[in-house]
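Colleague:
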Amino acid sequence: MSGYLLRRLLALLPTLLVASIIVFGVVRLVPGNVLDLMLSENDFASSSHETRAQLEEALGLDKPIYVQYLVWMKNIVLHGDLGDSLWRNTSVLSEIGERLPITLELGLLSLFFALLIAVPVGIYSAVRQETLGDHVGRTFSIVALAVPNFWAGTLVVILPAMWWGWAPPNEIEPFFESPIQNLKVFLVPSLILGASLSAVVMRMMRTMMLEVLRQDYVRTAWAKGLPERTVVMRHAVKNALIPVITLVGILVPILFGGTVIIEQIFRLPGIGQLLLDAVTARDYPIITGVFLVAGVLVMTVNLLVDLCYGLLDPKVRFDRK
Amino acid sequence: MSAPLLQVSKLAVEFNGGVQAVRGVDFTVERGETVALVGESGSGKSVSALSVLQLLPYPNARHPDGSIRFRGEELMTASPQRMRRLRGGRIGMIFQEPMTSLNPLHTVEKQIRESLLVHKGLSKADARERVLELLRLVQIPEPERRLTAYPHELSGGQRQRVMIAMALANDPDLLIADEPTTALDVTVQAQILDLIKDLQQRLGMGVLLITHDLNVVQRVSDRMVVMQDGRVVEHGETAAVLARPTHSYTRALVEAEPSGQPRPLAGNAAEVLQARDVRVQFPLKAGVFGRVRDYFRAVDGVSLQLRAGETVGVVGESGSGKTTLGLALLRLTGASGQIRFDGHRLDAYKGRALRGLRKSMQIVFQDPFGSLSPRMSVEQIVAEGMDVHRIATDKADREARIVQALEEVGLGAELRHRYPHELSGGQRQRVAFARALALKPRLLVLDEPTSALDRSVQAQVVELLRDLQARHGLAYIFISHDLKVVKAMSHYVLVMKEGRVVEEGETAAIYEDPREPYTRQLLAAALNIR
């Protein structure tokens, strides 16, 4: 197991390196230039070439792009430093560190709600195939798939405000000081994100359950005289979960994309908002930093998913001879 | 007089769409006797057996009529709770595929224990004793170590033993065995059948055995019930029925054993294939960086030669390397050693040169269900190879070649617009032959081409293959675990074990005077019945 883990962790390094090059390069391909933005912002639009060159040098943007990349890389490797924001005098790490917990909580809660809805409904739908409950579950999943979460989110913010003058809270208290207050803020946005994710997971769960329920070992379980509950929960579900977990790994990047939008709608100061602001302002270090952190997170989740196989499926117990 | 252990009368089973799988079936099983339910695929034998425990996919299946009495108690109208108590309690069941019939995520102990906990309410500690006792009963070596094993860590035979242990956990009165040995190697088959027979006598159970294999019937059953198209066509004492079958279908079954011999070889037949010291190795890796520590030798230095019109049979149990050898000879897997095909050094060829030769060497696989693409019509399947090699000159020629290939394997030209799922197993395998033959090959590797087919269909396929060989001077590599079919097909036989050839020779010599103990063991297990 530890050998396997070490191998996987080492394999992350080249992936990260390639990802960092892409991230660093692509960000600078976005049309528009941070210098122009800064100069016009400060009403230096008509300023001389000299001012512009000074600013460029001060920000370290005068060097060729590969030199910029190498400097950036050197700072990451030697000091764990992702650089400073071009606009604010803060380090990228502290900006991200401040906001990451909010996005993580939103993401984890969404995932939690997605699974909380999808797994039981998927199981029920498969076991009671073609009944009213199955149809209701499947209809819900179609609706959740079809309704974009930015639209659902906008409605939830606007309609109650119009009708009752109520708006979802967004004063974030630290979770460990007042968990209830904290969860109140995250409840609605994570439910909306979770519901849209749950649709895909539910359909997968249902399909896998139908598949597994037809397997010979499920027939064996019936032939043992087990009650339905045991046959389904003990023999079918665990087998059906394996591909569903793969799907969850694939959904994490999509989930991250969803948080960017939902944070904006619910005015949550998370990574998504940071990223959006940074893109608008062409704040390159922030953008590359966020992408890099997101990349590490996605890779970590997928590594966790692979390790989960080992827990679920004895055939993939690593290093077991 | 007490009621029979199991009495099935007028049983009928209907599936959605109005398919009547079983129509008015009667049979009984007494305490301490083994009754065999015999028939080919689609005869309704498995459906009848599953009806007893109500394991059919209800409500897609229905019983319009019939009664099933177990020790006098009617099961058709029994409550779900009552049925649960009988399943795995008074009536145990084992299935054909020990690979898939055990839950891959549960240990052996957990799977066997489950029956005990549900029916007897034992504590886990007490259950462990009983599980060990059961594993000893079914003769699993080192039962203590097997407790924590998962199904994939056991051999096929061991898995079936675990299944039997599970079925017997609560001392059932009746054991239903649905093709319990079909998926196993011949030597293992014999062991499992002996085990079932032995346990039945010791425990005094009634056994209902479902099988298509008359050897199995003869070996273990007291009485037999022959089914065809959902009806019982003949029943009686096994020995009497086999000796003097009265119904034409039973007679056909009994006579369906593949027989005869391949046509004699012409003295001047040209050499088609010569292989010397063929080896296939798979690396075994270990450590953080996956260094290669050792090799698994799937094929370990095999040599053979083959002339036009000749069949070399390759026999061996699963894992002996016979399929890998077939793939290696056609360069479908990496291998070392010399392979000369039709004067070409195959091992030195690659890419385009090799592709040019491909049409002259074809392969047909075991499973006619899995090896034909379900999305292609018969015509597309047969024509694909021809199109790749640009054999047909124009559209009319292409059409003519397709029809010719189909007719050669005994299929009507009208079948070419059908899809594989619309064909029977025998027809599918014929399509696979037609696909290969359309390219006018010189060499055909036949990898268990008859194993997935019913006996009566097997005999026809063997006849067809011999006929095609004589007509076109085809050379065959015939890979099979079925020694009877190999005998009916081959001029020369290689016996493989663990990647090596342990014995080889003319077919008659091998079958009449086997020298190696392993060959003798194989032959004894496969042929000792008649």
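Chains U and E, in that order, are what the protein sequence lines are. Our numbering puts the first residue of the first sequence at 1, with every later residue one more than the last. Our numbering puts the first residue of the second sequence at 1001, with every later residue one more than the last. C-beta: ideal position from N, C-alpha, C; glycine also. On a predicted model such as this, the values are computed, not experimentally measured, just so you know.
1) In chain E, which residues lie less than 7 angstroms from U:HIS235 when you measure between Cβ atoms?
2) When you compare the CB of U:LYS325 with every CB in chain E, is at least one pair closer than 7 angstroms?
3) Any Cβ of chain U within less than 7 angstroms of the Cβ of E:VAL1118?
4) What did DSSP end up calling U:TYR309 once you bin it into helix, strand or coil?
5) Among U:ARG229, U:TYR284, U:GLY122, whose alpha-carbon lies nearest the alpha-carbon of U:MET208?
6) Taking 7 angstroms as the threshold (C-beta atoms), are U:ALA152 and U:ILE192 in contact?
7) Spatial neighbours of U:LEU241 within its chain, please: CB distance less than 6 angstroms, with the 5 preceding and 5 following residues excluded, ordered by chain position.
8) Please report the residue range of the beta strand (DSSP E) in which U:LYS224 lies.
9) What number of angstroms, rounded off, separates the C-alpha of E:SER1480 from the C-alpha of E:VAL1486?
10) Taking the alpha-carbon of E:LEU1444 as reference, which of E:ARG1466, E:SER1456, E:LEU1423, E:ALA1459 has the nearest alpha-carbon?
11) Listed in chain order, which residues of the stretch 1412-1436 of chain E have Cβ atoms closer than 9 angstroms to some Cβ of chain U?
12) Thinking E:ARG1219 and E:LEU1193 are a contact (beta carbons under 8 angstroms), I'd like their distance in whole angstroms, please.
13) Whole angstroms are fine: how far does the CA of E:LYS1322 sit from the CA of E:THR1034?
14) Between the alpha carbons of E:MET1386 and U:VAL252, how many angstroms are there, rounded?
15) Between which residues of its own chain and E:PRO1374 is the CB-CB distance below 8 angstroms, once the five residues before and five after are set aside?
16) Using a Cβ cut-off of 7 angstroms (strictly closer), state whether U:THR139 contacts chain E.
17) Which residue wins for smallest C-alpha separation from U:ILE102, given the options U:VAL127, U:THR259, U:ILE245?
18) Pairing CB atoms from the stretch 1018-1035 of chain E with CB atoms from the stretch 1208-1225 of chain E, are three or more of them under 8 angstroms?
19) What residues match up with E:ILE1176 in a beta bridge as DSSP calls it?
20) Among all the DSSP beta bridges, which residues are the ones paired with E:GLN1305?
21) Would you kindly work out how many angstroms separate the C-alpha atoms of E:ALA1432 and U:THR15, rounded to a whole number?
22) Could you give the distance in angstroms between the alpha-carbon of E:LEU1464 and the alpha-carbon of E:LEU1446?
23) Check whether the Cβ atoms of E:THR1250 and E:VAL1226 lie closer than 7 angstroms to each other.
24) Name, going along the chain, the residues of the stretch 207-235 of chain U whose beta-carbon falls closer than 9 angstroms to a beta-carbon of chain E.
25) Using DSSP with H/G/I as helix, E/B as strand and the rest coil, what is E:TYR1349?
26) Please determine if the stretch 1039-1054 of chain E and the stretch 1228-1239 of chain E are in contact, where contact requires at least 3 C-beta pairs separated by less than 8 angstroms.
27) Identify whether U:ILE22 lies in helix, strand or coil by the three-state DSSP scheme.
28) Along the stretch 1197-1214 of chain E, what residues have a CB closer than 9 angstroms to any CB found in chain U?
29) Are the Cβ atoms of E:PRO1143 and E:LEU1154 separated by less than 7 angstroms?
30) Can you grab the Cα-Cα spacing for the pair E:VAL1072 / E:SER1002, in whole Å?
31) Under 8 angstroms: do the stretch 1299-1306 of chain E and the stretch 1265-1278 of chain E share three or more Cβ pairs, one atom per stretch?
32) If the cut is a Cβ gap below 9 angstroms, which residues of chain E does U:LEU13 touch?
33) Report the neighbours of U:ASP313 on chain E: residues whose CB is nearer than 7 angstroms to its CB, in chain order.
34) What does DSSP give as the partner residue(s) for E:GLY1313 in the beta ladder?
35) What is the DSSP secondary structure of E:ILE1536, reduced to helix, strand or coil?
36) Nearest to E:TYR1518 by alpha carbon, out of E:GLU1503, E:ALA1509, E:THR1507, E:GLU1512?
Modeller: For this structure:
1) Here the neighbours are ASN1103.
2) Residue numbering for chain U in the displayed model covers 1 to 321; residue 325 of chain U lies beyond these limits and cannot be assessed.
3) At least one chain U Cβ lies under 7 angstroms of E:VAL1118.
4) U:TYR309: helix per DSSP, three-state reduction.
5) Of U:ARG229, U:TYR284, U:GLY122, the smallest CA-CA separation from U:MET208 is found for U:GLY122.
6) Using a Cβ distance threshold of 7 angstroms, U:ILE192 and U:ALA152 count as a contacting pair.
7) There are no such residues.
8) Taken as a continuous stretch (DSSP letters only), U:LYS224 belongs to no beta strand (DSSP E), as it is neither H nor E.
9) The alpha-carbon separation between E:SER1480 and E:VAL1486 amounts to approximately 7 angstroms.
10) Of the candidates E:ARG1466, E:SER1456, E:LEU1423, E:ALA1459, E:ARG1466 places its Cα closest to the Cα of E:LEU1444.
11) Legend: CB atoms of the stretch 1412-1436 of chain E lying less than 9 angstroms from CB atoms of chain U are not found in any residue.
12) Right, their Cβ atoms sit about 5 angstroms apart.
13) Rounded to whole angstroms, E:THR1034 to E:LYS1322 spans 36 angstroms at the Cα level.
14) Roughly 47 angstroms separates the two Cα atoms.
15) Only residues of its own chain outside the window of five on either side were considered, and among them TYR1419, PRO1420, HIS1421 have a CB closer than 8 angstroms to the CB of E:PRO1374, listed in chain order.
16) Chain E, which has no Cβ nearer than 7 angstroms to the Cβ of U:THR139, makes this no.
17) Relative to U:ILE102, the option among U:VAL127, U:THR259, U:ILE245 whose CA is nearest is U:THR259.
18) Under the three-pair Cβ rule at 8 angstroms, the stretch 1018-1035 of chain E counts as touching the stretch 1208-1225 of chain E.
19) For E:ILE1176, which the question treats as bridged, DSSP gives the partners E:MET1093, E:LEU1208.
20) E:GLN1274.
21) Roughly 45 angstroms separates the two Cα atoms.
22) Straight-line measurement puts the Cα of E:LEU1446 at about 13 angstroms from the Cα of E:LEU1464.
23) The answer is yes: Cβ separation under 7 angstroms.
24) Of all residues in the stretch 207-235 of chain U, only ARG214, GLN215, ASP216, TYR217, VAL218, ARG219, THR220, ALA221, TRP222, ALA223, LYS224, GLY225, LEU226, PRO227, GLU228, THR230, ARG234, HIS235 come within less than 9 angstroms of chain E when Cβ atoms are compared, listed by chain position.
25) In the structure shown, E:TYR1349 adopts coil according to DSSP, grouped into three states.
26) Yes, the stretch 1039-1054 of chain E is in contact with the stretch 1228-1239 of chain E.
27) The three-state reading of DSSP puts U:ILE22 in helix, counting H, G and I together.
28) Identification of residues in the stretch 1197-1214 of chain E having a C-beta nearer than 9 angstroms to some C-beta of chain U yields an empty set.
29) With a cutoff of 7 angstroms on beta-carbon distance, E:PRO1143 and E:LEU1154 are scored as not near each other.
30) The residue you asked about is not Val; residue 1072 of chain E is Gly in the sequence shown. Approximately 8 angstroms, taken between the alpha carbons.
31) Put simply, the stretch 1299-1306 of chain E touches the stretch 1265-1278 of chain E. At least three CB pairs are less than 8 angstroms apart.
32) Per Cβ cutoff of 9 angstroms: no residues; U:LEU13 is ~14 angstroms from chain E at best.
33) By Cβ distance, chain E contributes LEU1105.
34) DSSP output for E:GLY1313 lists E:PHE1478, E:VAL1493 as bridge partner(s).
35) With chain E running from 1001 to 1530 in the structure shown, residue 1536 of chain E is simply not present.
36) Out of E:GLU1503, E:ALA1509, E:THR1507, E:GLU1512, the CA that lies nearest to the CA of E:TYR1518 is found in E:GLU1503.
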